[in-house]
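Our numbering puts the sequence shown at residues 2 to 330. Structure first, commentary second.
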Amino acid sequence: MTGQPREQGVKSGLVVDFDDNTLLSALFGDHDQNLVRLEQQLGVSLTTRGNRVLIGGEEDLCIRARGILNGLYQRLEQGLPVSKREVDDAIRLGDSSSAAGSVVIQTRKRAIQPRSPNQIHYARFLMDRELVFGIGPAGTGKTYLAVAAAVSMLLARQVDRIVLSRPAVEAGERLGFLPGDMRDKVDPYLRPLYDALYDMLPAEQVAKKLETGEIEVAPLAFMRGRTLANAFVILDEAQNTTPVQMKMLLTRLGENSRMAITGDLSQVDLPRGMKSGLREAIEVLKDIDEIAFTWFDARDVVRHPLVTRIVRAYARQPELFEADRDQTP
């Protein structure tokens, strides 16, 4: 018999019985490593007896551990993997873990699930709203989830094409004159968008869709004068747009189109004294109910755990950015 785990309250904590014994080796991990990680992170004790897990510790922590085990067990029932990463994600999500399981963005190569509470809200906005802003530090999944949503909608024929764009602003470097045609010149700026595409579609399909125009990758300057209908438009690195550029892009939104704007206001590479178009758009558009804003922080970083600590360290000393920009010619 399969289904939800049966839970019983006991004086020393909680007991959870799992119906499908064949899933337990994956749930517990090699040498019970998943359970050990839960014990270390939550401060509870976990004891296995057949298909039963005894959870000991403070009541609120026991309840949290039970919810995480339930969520991981549900993943296994759905045929999804449970590894160290999924365990860490479940711990970070806490009570939102069951909600995360209901948000899946399907692409050709993989099913993508949000990995933090903010990512859950953001993923839902991307699927439901016509204009979405994702704002926060590097590594929080802003661009990756937006590309995933765009690919999913293209495959489902909800849109006819994807338009990916970034402002061609150098991040404090001088690249000089680049060789090649226009695509060769702008590709270095757009490489993160290509990386996301190749993670979701086979390489030959990416190449074919770029050739046919189903996927278009272009610098922001190429958007002027166009109306982008039946498209999913993504503007990455939006903090490096000017107010004029941002307004220009926002007014390109056409019939049956969606737009995702992503950026990090702590990494503005515009000349000093020039206001970021992203910052101005937030101020101007914040009261329009149909527009969704998701604010990410270090808790949403899904790269190497050290990146989270790096983001937090820099966030504690924002004046360093200003001093650096003062010295920029």
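Virtual Cβ for every residue (Gly too), placed ideally from N, Cα, C.
{"Check": "Once the 5 residues before and after residue 291 are set aside, which same chain residues still bring their CB inside 6 Å of it?", "Outcome": "none"}
{"Check": "Would you kindly report the start and end of the unbroken beta strand (DSSP E) that includes residue 49?", "Outcome": "46 to 50"}
{"Check": "Three Cβ pairs or more, each shorter than 8 Å: is that satisfied between the region 196 to 212 and the region 149 to 164?", "Outcome": "yes"}
{"Check": "Could you tell me if residue 257 is buried or exposed, where buried requires 16 or more neighbouring beta carbons within 10 angstroms of its beta carbon?", "Outcome": "exposed"}
{"Check": "Measure the alpha-carbon distance for residue 150 versus residue 168 and round it to whole angstroms.", "Outcome": "21 Å"}
{"Check": "If we count Cβ pairs, one from each stretch, closer than 8 Å, do we get three or more for the region 50 to 63 versus the region 11 to 26?", "Outcome": "yes"}
{"Check": "Mapping DSSP to helix, strand and coil, what is residue 265?", "Outcome": "coil"}
{"Check": "Please classify residue 191 as buried or exposed, where buried requires at least 16 other C-beta atoms within 10 Å of its C-beta.", "Outcome": "buried"}
{"Check": "Counting along the chain, where does the beta strand (DSSP E) carrying residue 254 start and finish?", "Outcome": "Per DSSP, residue 254 belongs to no beta strand (DSSP E) and is neither H nor E."}
{"Check": "Where DSSP assigns a beta bridge to residue 259, which residues make up the other side?", "Outcome": "233"}
{"Check": "By DSSP, does residue 17 sit in helix, in strand, or in coil?", "Outcome": "strand"}
{"Check": "Beta carbon of residue 301, beta carbon of residue 137: below 8 Å?", "Outcome": "yes"}
{"Check": "State the Cα-Cα distance for the pair residue 277 and residue 159, rounded to the nearest angstrom.", "Outcome": "32 Å"}
{"Check": "I need the straight-line Cα distance from residue 77 to residue 221, nearest angstrom please.", "Outcome": "43 Å"}
{"Check": "For residue 282 versus residue 251, is the C-beta distance shorter than 8 Å?", "Outcome": "yes"}
{"Check": "For the region 52 to 127, which segments carrying the alpha helix (DSSP H) assignment without a break, of at least 4 residues, lie completely within its bounds, in sequence order?", "Outcome": "60 to 78, 85 to 94 and 98 to 102"}
{"Check": "Quick check on residue 198: buried or exposed, where buried means 16 or more other Cβ atoms within 10 Å of its Cβ?", "Outcome": "buried"}
{"Check": "Return helix, strand or coil for residue 140, following the three-state DSSP convention.", "Outcome": "coil"}
{"Check": "Looking at C-alpha atoms only, which residue of 14, 89 and 163 is the closest neighbour of residue 36?", "Outcome": "89"}
{"Check": "Out of 139, 144 and 206, state which residue places its alpha-carbon closest to the alpha-carbon of residue 237.", "Outcome": "144"}
{"Check": "Which two residues bound the contiguous beta strand (DSSP E) that contains residue 295?", "Outcome": "292 to 296"}
{"Check": "For residue 226, does the three-state DSSP call read helix, strand or coil?", "Outcome": "coil"}
{"Check": "Indicate the three-state DSSP secondary structure (helix, strand or coil) for residue 135 in the structure shown.", "Outcome": "strand"}
{"Check": "Would you mind stating whether residue 58 and residue 45 have Cβ atoms separated by less than 8 Å?", "Outcome": "yes"}
{"Check": "Any idea if residue 84 is buried or exposed, counting beta-carbon neighbours within 10 angstroms, 16 or more meaning buried?", "Outcome": "exposed"}
{"Check": "In three-state DSSP terms, what is residue 312?", "Outcome": "helix"}
{"Check": "Between the alpha carbons of residue 327 and residue 253, how many angstroms are there, rounded?", "Outcome": "The pLDDT assigned to residue 327 is 47, lower than 50, so where the model puts this residue is not dependable, and the model offers no usable value."}
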